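Data block below; observations after.
Residue numbers (our numbering), protein chains in the order written: chain Z, 220 to 531; chain F, 93 to 625.
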């Protein structure tokens, strides 16, 4: 087990540099004129242009220039310095502020997905073809079909503005209550997928030999479901939720925008819109780490859930 | 994938219907705020909060609270003294600026003429990379501060006379210099802002120290808010509210939801998608006021397709401006038929003359006689919400001129400008302008002079250049305006661009505030605003 984790960690280092290189290349290849983008619809003065070009090494062009800038970036990164955004703010500071609120939002979303998704999935799996099963199927189809960009403003309008059950926006230092609505909106998509995965998995395992054995031994139904079926059914769900954690953090772009939460997605969106290459690369680099770590945790969890799985 | 897309198509009309059905249910009935003399105002995250480095609206809204300008503009948009006692010149070249007594910075420092000189020198010195650098170009010695290794660090045109007086010598006479002093680039900086002469202290802009009616409360909380409170030692007109929270939003729609629910007090710009429902959503909390923005369609006059003024005039006559402002902009903008904004002294209605009138038959005749191109392309930036009106315009051109016309979106305005600069054929393209200070020169000079900073269409007319220059050098305002108007008449003849629309402030506020006024620069008047009791 220990050796396995060590090997995975070493692989992660390689994966990290590979992905940052690709992201860096894509960001800067797709960039028009970042200095003009920064200035918006105003002409940029020669003085301003010269100042920014020098500051961000934008004069180093071509393939050689690209690697020069990339290695410069990695060198700073290894020293824990994410650099400065094009507006002159320290990206480390930006992330430090953005991170906690996004993590809270993602955890609420994840909790919503687990509490409602998994438990409803188990019930639907046990009582297949019942009214509960059919209605959850239709509901999840509906939720999966409505993109967040529609769902979020609708929820905001009805629950926030019209009926005033929740505050319409959360702000930078939100209470748990203010984060609840965006959390539910964000989690609803994973909720639907988690529900359907759990349902399919539970339904399949209920037919498995070991369940029949357990039943013939005379075990009570609750024990069969909770201890035997659920444990085996959770493997695909855990896989999904682990990867989803990364998705929730980066995928909060829309939700964070609609509910005005200055988190990671909010900043990523601004970075993309203003062609702020350093900011985009900085945020994505950190997101890559989140993905890698959550994947490792998922793999380790397999062994916990199913003792037959062994890592060398 | 298919399911999602289908759902999107059904959900969108659903959302619109629901939105319409919800009309008339304004968000009244919110409980009162905790502090009745605190108001919140929406802004976007400012790029900078250094006076000489702030050119966008959000930053200048905050600075307008923290600083007091030398001059401000009255109802006729003529300058009057605020922090200055007097701004005088006998020849419009050497200007003497006398400061009013009693102004202090928020840290207690007395405001002296040296504070102005230091701030302006800092802004004009090219290696400091300040956005407003070009505002100082009219002051003598500016050229010596430019380039990578400038010859000088200080403008030779600025001279301190005594603690409350200094002179600014311009490189050539400029009658509107007093008017320009209302712009935020001309604010003073306290000694505490500098760590060494000419070097701005790290972190100054996290908590800018100014001499205005409000002072910072804490520091700039990035992406979240900027809190300011009333500065009691301010000698000018005192604000009615004690605290102002500039709340930062990334998306206007989120702020709009907050204004409806009384969670936010002032939203200076209603988002485009809510324009049609806003009057009923907000009732009398929905307001409009004049603003200085100007939208126009520019032509690459170096392109032989569009080099004939008659072609451009014909296109102008084929566009029904009133129809587009009504249907696309729901009356939130006004049709434009002049080259300068109606908010300015010297504005005349309909200077474009016949070319500004909608006359499809005449337009078609003129277009054919002048041999206009068989296909008209209108390029625009896709990120600025321009698609709707460009599509409407293109359809009108098709119908009224009998030509093929198409709108072409570039990802960003910057991409469009880069292409135009490289003379890539993009066809006609959209442009917009917002003034820096209320003078006709601020519209005519940068946009149409041969070397104008925003003249992207290669327009050049020596007679026009001469008239603008004469206007700037005129002895009296009336004389200057007369010259500028003559210059504008030349534009009407040459039509390098066709005026389309003048903008308006379209704003909303909560039921917790009253006396919300917006100025020509899209800023809320912080002195006038009051909490509704």
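Idealized CB from N, CA, C, for every residue including glycine. These figures come from a predicted structure and were not determined experimentally.
I'd like the list of long-range same chain contacts for residue i, defined as Cβ closer than 7 Å, with 5 residues on each side in sequence excluded.
{"i": "residue 417 of chain F", "result": "423, 425, 426, 427 and 593"}
{"i": "residue 277 of chain F", "result": "143, 144, 215, 224 and 227"}
{"i": "residue 473 of chain Z", "result": "367, 368 and 371"}
{"i": "residue 456 of chain F", "result": "492, 493 and 494"}
Can you tell me which of the three DSSP states residue i falls into?
{"i": "residue 40 of chain F", "result": "For residue 40 of chain F there is no data in the structure shown, the boundaries of chain F being 93 and 625."}
{"i": "residue 403 of chain Z", "result": "helix"}
{"i": "residue 426 of chain F", "result": "strand"}
{"i": "residue 207 of chain F", "result": "helix"}
{"i": "residue 499 of chain F", "result": "strand"}
{"i": "residue 177 of chain F", "result": "strand"}
{"i": "residue 532 of chain F", "result": "coil"}
{"i": "residue 239 of chain Z", "result": "helix"}
{"i": "residue 225 of chain Z", "result": "helix"}
{"i": "residue 309 of chain Z", "result": "strand"}
{"i": "residue 287 of chain F", "result": "strand"}
{"i": "residue 202 of chain F", "result": "strand"}
{"i": "residue 477 of chain Z", "result": "helix"}
{"i": "residue 231 of chain F", "result": "strand"}
{"i": "residue 539 of chain F", "result": "helix"}
{"i": "residue 267 of chain Z", "result": "helix"}
{"i": "residue 303 of chain Z", "result": "strand"}
Considering residue i, what are the terminal residues of the alpha helix (DSSP H) in which it resides?
{"i": "residue 409 of chain F", "result": "401-409"}
{"i": "residue 452 of chain F", "result": "452-462"}
{"i": "residue 597 of chain F", "result": "Element bounds for residue 597 of chain F: not the alpha helix (DSSP H) but the beta strand (DSSP E), 589-601."}
{"i": "residue 372 of chain F", "result": "370-374"}
{"i": "residue 353 of chain Z", "result": "350-364"}
{"i": "residue 611 of chain F", "result": "From DSSP, residue 611 of chain F is part of no alpha helix (DSSP H); its letter is neither H nor E."}
{"i": "residue 486 of chain Z", "result": "483-492"}
{"i": "residue 143 of chain F", "result": "From DSSP, residue 143 of chain F is part of no alpha helix (DSSP H); its letter is neither H nor E."}
{"i": "residue 416 of chain F", "result": "413-419"}
{"i": "residue 78 of chain F", "result": "Only positions 93 to 625 of chain F appear in this structure, which leaves residue 78 of chain F out of reach."}
{"i": "residue 434 of chain Z", "result": "428-436"}
Considering Cα atoms alone, identify which of the options is closest to residue i.
{"i": "residue 253 of chain F", "options": "F:190, F:299 and F:276", "result": "F:190"}
{"i": "residue 506 of chain Z", "options": "Z:317, Z:465 and Z:435", "result": "Z:465"}
{"i": "residue 316 of chain Z", "options": "Z:510, Z:365 and Z:483", "result": "Z:483"}
{"i": "residue 185 of chain F", "options": "F:305, F:596, F:566 and F:301", "result": "F:566"}
{"i": "residue 420 of chain Z", "options": "Z:437, Z:456 and Z:272", "result": "Z:456"}
{"i": "residue 377 of chain Z", "options": "F:285, F:350 and F:454", "result": "F:350"}
{"i": "residue 379 of chain F", "options": "F:390, F:385, F:130 and F:367", "result": "F:367"}
{"i": "residue 445 of chain Z", "options": "Z:391, Z:514, Z:354 and Z:425", "result": "Z:425"}
{"i": "residue 423 of chain Z", "options": "Z:435, Z:344 and Z:463", "result": "Z:344"}
{"i": "residue 360 of chain F", "options": "F:390, F:612, F:210 and F:304", "result": "F:612"}
{"i": "residue 533 of chain F", "options": "F:272, F:210 and F:587", "result": "F:272"}
{"i": "residue 375 of chain F", "options": "F:356, F:601 and F:219", "result": "F:601"}
Mind checking who residue i pairs with in its DSSP beta bridge?
{"i": "residue 622 of chain F", "result": "F:606"}
{"i": "residue 165 of chain F", "result": "F:171"}
{"i": "residue 503 of chain Z", "result": "Looking at the DSSP assignment, residue 503 of chain Z forms no beta bridge with any residue, so it has no partner."}
{"i": "residue 470 of chain F", "result": "F:499 and F:520"}
{"i": "residue 258 of chain F", "result": "F:189 and F:252"}
{"i": "residue 295 of chain Z", "result": "Paired residue(s): none; residue 295 of chain Z is not in a bridge."}
{"i": "residue 308 of chain F", "result": "F:320"}
{"i": "residue 338 of chain F", "result": "F:133 and F:318"}
{"i": "residue 196 of chain F", "result": "F:202"}
{"i": "residue 358 of chain F", "result": "F:133 and F:601"}
{"i": "residue 577 of chain F", "result": "For residue 577 of chain F, which the question treats as bridged, DSSP gives no partner whatsoever."}
{"i": "residue 569 of chain F", "result": "In the DSSP output, where bridge partners are listed per residue, residue 569 of chain F has none listed."}
CB-CB under 6 Å to residue i, same chain, minus the five flanking residues each way: which ones, in chain order?
{"i": "residue 499 of chain F", "result": "470, 482, 483 and 486"}
{"i": "residue 363 of chain F", "result": "344, 345 and 348"}
{"i": "residue 301 of chain Z", "result": "310, 311 and 501"}
{"i": "residue 387 of chain F", "result": "524, 592 and 593"}
{"i": "residue 261 of chain F", "result": "186, 232 and 249"}
Just curious, the beta strand (DSSP E) that residue i is in, first and last residue?
{"i": "residue 520 of chain F", "result": "520-525"}
{"i": "residue 133 of chain F", "result": "130-135"}
{"i": "residue 376 of chain Z", "result": "Careful: residue 376 of chain Z lies outside any beta strand (DSSP E) and carries neither H nor E."}
{"i": "residue 380 of chain F", "result": "378-390"}
Whose C-beta lies closer than 8 Å to the C-beta of residue i among residues of the same chain, with five residues either side of it excluded?
{"i": "residue 90 of chain F", "result": "This structure cannot speak to residue 90 of chain F, because chain F is shown only from 93 to 625."}
{"i": "residue 547 of chain F", "result": "538, 539, 540 and 541"}
{"i": "residue 295 of chain Z", "result": "301 and 302"}
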